Structures are given as C-alpha cells and as structure tokens.
Amino acid sequence: MSLLTVAAMIGVAGCSQGAESPDSTAGQNVVATTSCASKGELTMWERSGGNKEMVDMLVAAWNAKNPDCKVKLTYIPHTEMVGKIAQGIASGQVPDLMGMDLIYAPQFEKANQLVDLTDRIKSWPELATASKGHMTVATYEDHLYGVPLYADVSALFYNKDLFKKAGLDPDKPPTSLPELRADADKITALGGDIKGYYLPGNCAGCNIFTVGPLMWASGAKIEAAGPGDEPLVGDGVKQVLQFERDMVKAGNVHDGDRTENGETFHLQFGSGKVGMMGTGNFNITLARQQNPSMKFGIALLPGMTPNTNASFIGGDLVVVPKGSKRVSDSVNFMKFLLSDEVQVEVYAKALNLTTRSDMADNKYFKAEPLVQDVAKALTVGRTPYTLTFFEQINSPQGPWLKMLQRAYYTGDDLDTVIADAKKSMKEIAAKS
1 MSLLTVAAMI GVAGCSQGAE SPDSTAGQNV VATTSCASKG ELTMWERSGG
51 NKEMVDMLVA AWNAKNPDCK VKLTYIPHTE MVGKIAQGIA SGQVPDLMGM
101 DLIYAPQFEK ANQLVDLTDR IKSWPELATA SKGHMTVATY EDHLYGVPLY
151 ADVSALFYNK DLFKKAGLDP DKPPTSLPEL RADADKITAL GGDIKGYYLP
201 GNCAGCNIFT VGPLMWASGA KIEAAGPGDE PLVGDGVKQV LQFERDMVKA
251 GNVHDGDRTE NGETFHLQFG SGKVGMMGTG NFNITLARQQ NPSMKFGIAL
301 LPGMTPNTNA SFIGGDLVVV PKGSKRVSDS VNFMKFLLSD EVQVEVYAKA
351 LNLTTRSDMA DNKYFKAEPL VQDVAKALTV GRTPYTLTFF EQINSPQGPW
401 LKMLQRAYYT GDDLDTVIAD AKKSMKEIAA KS
C-alpha cells in the first residue's frame, strides 16, 4: 500500500472520527511528570526492524517505575505498520501511543491523524537539546506531535585488522571518497573472500541511510520536498553514482551484495570480511557480538573533497494517534524518555545514542570511544522532510532505488539515469 493511498484513507478516517476523548483535549493545564496520570495498562505499537533492544529496555524501565500503568508493547511488521495505523484510525481501534519511523511523521501530521501536543510539551526545557532531526519531522506548521524514541545515525565503520593487513594506517580512515576508493582497492587485493567495501544493492532505505550522505557531503540535494521542488540537484549526485559504479566494476564489493534487501544488512560488517561500510550506531554492539576479537573504528561518511561529511539521522518518534484515550499518560511516557536519568541510565548505559545532545557527555560514553565517535555524526546529520518519502525514496519500486541500481549495475548514461529519476520524483511530489 502506498502512503498516498494511506493518506487518503486516514483523511477519510479523520472526517468520521468525531470528537476526541476528554483526556486528549485537556492539554493546556496538564503538567507532565514521569509517572502515571491514571491507572490501567497502556497499549503501544512499535515497528519491527528498528532498535527493538532499546525500545524493550525503555518500556521495561517505565514499567518498573510505574507498575499501575504498565506499557503493553506490540511489534508490528515494518512493512505493515503504516497500513495498520491507517486501518486502526479508520476503525477507532488505536493504541494509546506508538513508535513511528520518524520519516513518515509529516504525512500523518498533515492528515491530522496524530494528537497535537503543542500546549502540553512546548515549554519543556528538554526539547532545546532533543535531536534536531527528530524534532524537525515532529513539527508541522509550528505544531508539535512527538519526541524522539531512539536515534540512529549513519557513519563509516572500518575494520582496523584489515587496514593493518593491507598496509594501511588503522588510525587513519579515509576523509574523502577518492581516499576511500584507494583504501578499498588495497583491502580487496588481500584476496580470498575479503572485499574493501559494502554496498547494499536492493535496499532503498539502506542506501538513503548510507549513500545519501555521500551525496549530501558532496553538496547535493536528493528529495523533492513538495510540488515544484527540484530533486537530485548538484554535481554530487552524479559524482557519487560514478564512484559507486566504479567500486562495483573494480570488484570492491561482494557479488551477493546486489541482492541485499535490508534483511541481513546489519550483519555484514561483523562478518569480518568487509573493509569499510556505511552503517549505523546499532552496529557497534552487533559487531562485537558477532566478532569479539575484531578491532574496528568509526569515522564520518565522507564527500568527494577531503573533510566534507554528512550523516542520515534516523530512528523513531513516539507519538499519540487520534482516538487515544490515554494522552496524559502517553505524554508522561515522553517526559520519562527525555529525563536525565533515563537518558544516562538506560540509553547511554546500553551504549545507545542519547536523544538529547546535552546528555552525550556521560560516564558510559567516556568509557566507550566508539560511541563518542559515532555521536559526532549528529553534528553533521540531517533528516529529509517530505510528505512523499516512501514513494520517492523508500519504496522498493520507487525512483531512488531504480536510479541506484541502473547506476551500480548497468552501463546506462548517468545523465539519463538521473534525469529519469528526477522526472519520477517530481511527478510524485506534485501529487502531495
């Protein structure tokens, strides 16, 4: 189901929804706490395929503190989440709160299907340092609809053991794409099943997370924000496509990478067979679990010229769907997530990124340099803002992935490849 179809569904649902519950309209004079506002179980939906370990810990921490209003957490398959939300709103069967892939929030905000929390949360001091990428998409026409649930940022992970074997300095990761290519060539030359680079060939989301920042760092703009906006602008688009095509031709990626649809993306770096890879902060723990003896480092994703960098800030928001009867408790759960104690003793202790920048200076991160390194990506990160992200970028049949696959695996003229994708993106954005 496309998000355009979903938007139409939830727009109709909004017309038939009727008045909100008394709790959901009583925001102005309610003071949020980190405890129960009322008794009884809270229902929460969250997508699968995200940072389940982190969400489970957050819910467990809330439940331990608030036994009278525990959160019952249900995971919905990622590919079904948007449709499930739309159907729930249409039928009036919604959870009290939910985690939402942050990139889809603007479309639901525009369709008036999330509870406007502005009066309840706008004065919170914690929002001043909350992840800017999250808060950008949590805001629609100056109204606030949610807060960060967890943050994922993309960065360049590199295998120090393979760097050393290839005669490279393990403490000097590449600072530009030409340097990355040169390093990858040397690592691939080690032979066997070792490759210098990893490129997910059939995963639109993986590529916007890891290849998109290479374009941003090279001065490009990718998505069309809305009708009339121009996508795929700047020389960096073609430069990065040519870079990736050359990496494939040079044999710097495994042949099997071409079929990667995201299911095993998170397991690639920990295999020890990849020299460098754009991936996320979640891979620190995963790689260590997979390959405890492997030494690795983290750097910022580079652009064409030295010391130009970018990152994709992803993750989830926690929001309240229209029809929720437990808005005050849901808001208190948000306050709990942003509290100093939870930021440090739950997020940071588990070596997950804090969602407030002022909480990054903590004892757990100081003891773990890799988390400090990946946290630097927050300073150069961005989150696309468009009402048609799925159709333009994330759809397996969308113009973004089609463009990338033609660039990576065919000899088609790149100017034509880009022009075709640009045309499709503009047509999609014109319908928003």
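Take 1 as the starting number for the sequence shown in full-length UniProt numbering and just add one per residue. By construction, the Cβ of each residue, glycine as well, lies at the ideal position given by its N, Cα and C atoms. Computed from a predicted model, the values in this text were never measured in an experiment.
Query	Result
Segment contact, 8 Å Cβ cut-off, at least three pairs: the region 209-223 with the region 237-245	yes
DSSP three-state assignment for W216, whether helix, strand or coil	helix
Contact under 8 Å by Cβ, Y104 with F390	yes
DSSP beta-bridge partners of F390	None, per the DSSP bridge assignment.
Exposed unless 16 or more other CB atoms sit within 10 angstroms - verdict on D96	buried
Check whether G205 and N394 have beta carbons under 8 Å apart	yes
Option nearest A64 by Cα separation, candidates S324, Q268, A32 and V346	V346
Contiguous beta strand (DSSP E) assignments of at least 3 residues, all confined to the region 168-202	195-197
Length of the line joining the Cα atoms of V94 and G234	43 Å
Secondary structure of W124, DSSP reduced to three states	coil
Extent of the continuous beta strand (DSSP E) run through I313	N309 to V319
V248 vs Y198 beta-carbon contact at 8 Å	no
Through-space distance from R47 to D412, alpha-carbon basis	37 Å
Contact between the region 135-155 and the region 29-44 (3+ Cβ pairs under 8 Å)	no
Under the three-state DSSP convention, the category L353 falls into	coil
Buried/exposed call for N281, threshold 16 Cβ in 10 Å	buried
I76 - partner residues in DSSP beta bridges	R47
K349 to V147 span [Cα, whole Å]	20 Å
For residue 434: DSSP bridge partner residues	With the chain represented from 1 up to 432, any question about residue 434 goes unanswered, as that position is not in the structure.
Same chain, Cβ closer than 7 Å to L387, five either side skipped, listed in chain order	P106, Q107, K110, G226 and S432
Start-to-end residues for the alpha helix (DSSP H) that takes in A430	L414 to A430
Through-space distance from V380 to K402, alpha-carbon basis	27 Å
Unbroken alpha helix (DSSP H) run spanning P57, endpoints	Per the sequence presented here, residue 57 reads as Met, with Pro not at that position. Per DSSP, M57 belongs to the alpha helix (DSSP H) from K52 to K65.
Pairwise C-alpha distance: K322 and G83	15 Å
Check whether G278 and A151 have beta carbons under 8 Å apart	no
Nearest candidate by alpha-carbon position, reference A377, set T308, I85 and G49	T308
DSSP beta-bridge partners of A130	R356
Beta carbon of V342 nearer than 8 Å to that of F336	yes
Straight-line gap, S21 to W45 (C-alpha atoms, nearest Å)	Residue placement at S21 cannot be trusted, given a pLDDT of 45 that sits under 50; the coordinates are not used to answer.
Bridge-paired residues (DSSP) for G381	S311
G99 and T383 closer than 8 Å at C-beta	no
Helix, strand or coil at S154 according to DSSP, with G and I counted as helix	strand
Given 8 Å, three or more beta-carbon pairs between the region 158-171 and the region 248-262	no
C-alpha distance - K221 paired with H254, whole-angstrom precision	29 Å
Nearest candidate by alpha-carbon position, reference A166, set Y408, I194 and M215	I194
Contacting residues, own chain, Cβ-Cβ under 6 Å from D68 (five flanking each side not counted)	C36 and K39
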